[in-house]
Amino acid sequence: MTFEELLSETRTFLFRLDYFFVDVVLVVGAILVGLLINWSLRAVIRRLFSDRSHIARVTMRQAIIPMRLMAVFLSLMVVLPLVSLPSSWLATIRHVMGIILILTLGWASYIVANHFTTRAMTRYHTDDEENLTARKTLTQLRVLRQVMFFVIFMFTAGGILLTFPGVREIGTGLFASAGVAGLVLGIAARPVLSNVFAGIQIALTQPIRINDVVIVEGEWGWIEEITATYVVIRIWDWRRLVVPLTYFIEHPFENWTRDSTNVIGAVMWRVDYTAPIDDIRAKVKEFVQESDYWDGQVVNLQVVDSASDVVELRGLMSARTSPRLWELRCEVREKLLTWLQGAHPHALPRTRASFEIKGETPSGQGPLGKGLAVE
449 MTFEELLSET RTFLFRLDYF FVDVVLVVGA ILVGLLINWS LRAVIRRLFS
499 DRSHIARVTM RQAIIPMRLM AVFLSLMVVL PLVSLPSSWL ATIRHVMGII
549 LILTLGWASY IVANHFTTRA MTRYHTDDEE NLTARKTLTQ LRVLRQVMFF
599 VIFMFTAGGI LLTFPGVREI GTGLFASAGV AGLVLGIAAR PVLSNVFAGI
649 QIALTQPIRI NDVVIVEGEW GWIEEITATY VVIRIWDWRR LVVPLTYFIE
699 HPFENWTRDS TNVIGAVMWR VDYTAPIDDI RAKVKEFVQE SDYWDGQVVN
749 LQVVDSASDV VELRGLMSAR TSPRLWELRC EVREKLLTWL QGAHPHALPR
799 TRASFEIKGE TPSGQGPLGK GLAVE
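When you line the sequence shown up against the numbering used here, it's residues 449 to 823, in that order.
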């Protein structure tokens with residue numbers, strides 16, 4: 449290799465090296481400018497809304513990382529045409545950065561929506577027995593949050609897919625032939641969309657709410673969670689029953705706490721015909737009124753049925769919540785049985801039978817003599 453060739457290659461290398469350093473300086477400068485713009489924007493917003501809006505400041509604090517990423521990516525997209533890279537590389541890098549930018553925007557929307565809905569839900573507590581308003585508001589907020597998450601996901605996924613030319617062409621073709629394609633898409637999306645619309649309808653009309661006591665498919669339990677597509681019911685024995693949202697729109701079910709948390713329950717006893725009904729009625733009222741689980745509203749005893757051997761009694765009593773009603777029923781049932789065993793044992797159910805002895809012995813010795821016949 450001659451000296452001239454070596455000098456030429458050295459100049460070419462230095463020329464490329466200069467461009468490489470220029471590109472590095474442009475990229476690093478764009479990142480720093482993006483961070484500076486983000487910091488300045490946040491400072492201005494904090495200054496403007498320091499005394500007026502707590503929401504703006506909280507939003508900036510919650511979405512600080514996505515906002516930084518968005519500022520950096522926007523700055524890089526501005527300087528990308530100035531970087532000495534092949535055009536195919538630039539197109540690919542710009543495409544990837546556009547996807548990341550859309551993901552960052554969706555991430556920021558998710559963070560803000562989750563923060564404010566969670567913040568609103570923490571203001572309402574269901575520990576209080578008179579919690580109808582709290583359960584109503586919590587149900588609306590939870591369903592609203594799930595719908596917002598679904599919408600954010602759909603828009604983010606749709607925005608990413610539309611960055612691909614092939615997907616845009618498919619979308620244009622679907623709009624052009626919206627007959628059969630629209631029908632197919634509608635049928636395919638029906639389960640998801642029906643549950644979303646059912647969730648919106650439940651949030652507005654509220655046939656069920658968080659912590660409602662319901663009977664679904666023969667199972668008794670509480671509404672534990674309402675998501676965008678299904679409802680989780682906590683059954684009394686700690687099992688979980690998962691039911692689609694559309695079930696509560698299309699099928700009948702029992703809601704014991706639709707208007708209030710107060711519920712009425714019944715206790716059944718079977719006693720003998722000789723049982724003192726008035727004394728039992730007085731004792732039932734006494735036991736109910738002495739209980740801490742009674743809400744002071746309903747207490748009564750009625751004779752509801754009679755069979756060949758027993759009389760059926762039904763005691764009605766009320767409590768503020770279904771768990772307290774369960775405890776009240778068990779307590780009164782046990783106390784009355786204990787009282788009957790001690791004060792009126794003859795009132796407990798008994799089986800009666802009658803028989804007749806016929807015939808006598810040939811010697812006339814009477815029915816207890818030889819040749820006794822019993823029927």
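We put the CB at the ideal spot given by N, CA and C, even for glycine. Since the structure is predicted, the reported quantities are computational estimates derived from the model, not experimental observations.
Quick check: what's the CA-CA separation for residue i versus residue j?
i: L551; j: T604; result: 7 Å
i: V758; j: P797; result: 6 Å
i: G713; j: P700; result: 21 Å
i: T653; j: G669; result: 21 Å
i: E665; j: F696; result: 11 Å
i: S739; j: A511; result: 53 Å
i: L483; j: V520; result: 6 Å
i: L622; j: M545; result: Confidence at L622 is low in this model, with a pLDDT of 47, below 50, so its placement is unreliable and the value that follows should be read with caution. Straight-line Cα distance between these residues: approximately 28 Å.
i: G647; j: I600; result: 16 Å
i: D753; j: I650; result: 41 Å
i: L553; j: S488; result: 19 Å
i: V680; j: T694; result: 13 Å
i: L727; j: I658; result: Per the sequence shown, residue 727 should be read as Asp rather than Leu. In a straight line, the C-alpha of D727 is about 42 Å away from that of I658.
i: P655; j: T585; result: 13 Å
i: V527; j: I485; result: 15 Å
i: L530; j: L549; result: 20 Å
i: E702; j: P514; result: 46 Å
i: T786; j: A723; result: 14 Å
i: L608; j: E698; result: Residue identity differs from the one stated: residue 608 is Ile in this sequence, not Leu. Whole-angstrom Cα-Cα distance: 36 Å.
i: Y558; j: R567; result: 14 Å
i: S625; j: F612; result: With a pLDDT of only 48 at S625, under the threshold of 50, the placement of this residue in the model should not be trusted, and no figure is reported.
i: W555; j: M596; result: 13 Å
i: P565; j: L589; result: In the sequence on display, residue 565 carries Thr and not Pro. In a straight line, the C-alpha of T565 is about 6 Å away from that of L589.
i: C778; j: L592; result: 40 Å
i: D743; j: E775; result: 13 Å
i: G606; j: T709; result: 44 Å
i: I671; j: V644; result: 18 Å
i: R682; j: R688; result: 5 Å
i: Q789; j: V780; result: 14 Å
So, are the CB atoms of residue i and residue j less than 8 Å apart?
i: R542; j: M518; result: no
i: V691; j: I725; result: no
i: Q594; j: A539; result: no
i: L761; j: V747; result: no
i: I663; j: T587; result: no
i: V719; j: A795; result: yes
i: S523; j: A478; result: yes
i: K731; j: L773; result: no
i: S770; j: V711; result: yes
i: A561; j: Y572; result: no
i: V736; j: T705; result: no
Would you give the residue range spanned by the beta strand (DSSP E) that residue i belongs to?
i: A767; result: 759-767
i: G713; result: 711-719
Grouping DSSP H, G and I as helix and E and B as strand, with all else coil, what is residue i?
i: Q750; result: strand
i: G790; result: helix
i: R772; result: helix
i: T566; result: helix
i: T552; result: helix
i: L530; result: helix
i: Y741; result: coil
i: A582; result: helix
i: Y572; result: coil
i: Y755; result: Here residue 755 turns out to be Ala, not Tyr, going by the sequence shown. The answer is coil: DSSP assigns A755 none of H, G, I, E or B.
i: R509; result: helix
i: T540; result: helix
i: T722; result: coil
i: R495; result: helix
At a cut-off of 7 Å, is residue i close to the ligand GTP when judged by its beta-carbon and the heavy atoms of the ligand?
i: T566; result: You won't find the ligand GTP in this model; it holds no ligand whatsoever.
Report yes or no: is there a C-beta of chain D within less than 8 Å of the C-beta of residue i?
i: M515; result: The displayed structure is made up of one protein chain only, and chain D is not part of it.
In the DSSP assignment, find the alpha helix (DSSP H) that holds residue i and state where it starts and stops.
i: S523; result: 512-527
i: Q745; result: Unbroken run through Q745: none, as it is neither H nor E.
i: D727; result: 725-738
List, from N- to C-terminal side, the beta strand (DSSP E) runs of 3 residues or more that fit wholly inside the stretch 627-707. The stretch 627-707 contains these whole beta strand (DSSP E) runs: 661-664, 667-674, 678-683, 688-692.
Which runs of the alpha helix (DSSP H), 4 residues or longer, sit entirely within the stretch 589-615? Complete alpha helix (DSSP H) runs here, min 4: none at all.
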